[in-house]
Amino acid sequence: MEYTVPDVSTASAAPLVTPAAREWSEKASSMVDHTCCGLLFTEMAYALRTSTAYKTRRANDMVAELQHQDPGAHVPPLLTASDQADMARSRMEELGRHVGANLTEKLAQKRPRMDGTLERVKFVCKDLWSAVWDKQIDNLRTNHRQLAFAAGLIGGALERLGVQTVVQADADAFPTCAFHLRIA
């Protein structure tokens, strides 16, 4: 019995994967709905405000107890509502800094090295911002509770990219806000 080789057609010039299929497969799949993220940010702000109020109340109770036990002793002043708001804002900014740094590391893995500071800031404005809010940075509608998180997100991302910066959020004319970056 003799084996005959089947006719083989010449190699096709057509690609095995269509451009549309390649684009679809290369997109990162979203693991959490954007509405869910928005609700999470709102609840995160509420939880931080509540826990900060609890910490402030405990600290003020301890100061009152110290004053009661030894009226002549030098004790720290009671924390005010302004102190409480500053504590909550700094905790929210720290959360944003942590998320921004880790998300930047994940997004920048497959990119070529970014040499200049301007290129790194553009990465944060385009890629990171779009990954978090699915909008360009100039078209984000936000509120004051989430500005600390967004400022922390920018600061953490730039810090992870090797740019030492201080980010200040400014929302004087609602609904617009501006982020001022002071790069060291």
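Residue numbering for the sequence shown is 0 to 183, as defined by numbering that gives the first Met the number 0. Every residue gets a Cβ at the ideal spot worked out from N, C-alpha and C, and that includes glycine.
Helix, strand or coil at Q167 according to DSSP, with G and I counted as helix: Q167 carries a strand assignment under DSSP once its states are collapsed to helix, strand and coil.
Assigned secondary structure, R88 (DSSP; H/G/I helix, E/B strand, else coil): DSSP places R88 in helix when its eight states are reduced to three.
Test item: CB-CB of A100 and E158 under 8 Å: In contact: A100 and E158 (Cβ atoms closer than 8 Å).
Counted within 10 angstroms of its Cβ, other Cβ atoms place R90 as buried (16 or more) or exposed: By the neighbour-count criterion, in which 16 or more other beta carbons inside 10 Å mark a residue as buried, R90 falls on the buried side.
C-alpha gap between H67 and D60, whole angstroms: Taken atom to atom, the span from the alpha-carbon of H67 to that of D60 is near 10 Å.
Sequence-distant residues of the same chain with beta carbon closer than 7 Å to R181, five excluded per side: These residues qualify, in order along the chain: T164 and V165.
Closest Cα partner of G37 within the set T55, C124, A84 and D133: If you compare the alpha carbons of T55, C124, A84 and D133 with that of G37, the shortest gap goes to D133.
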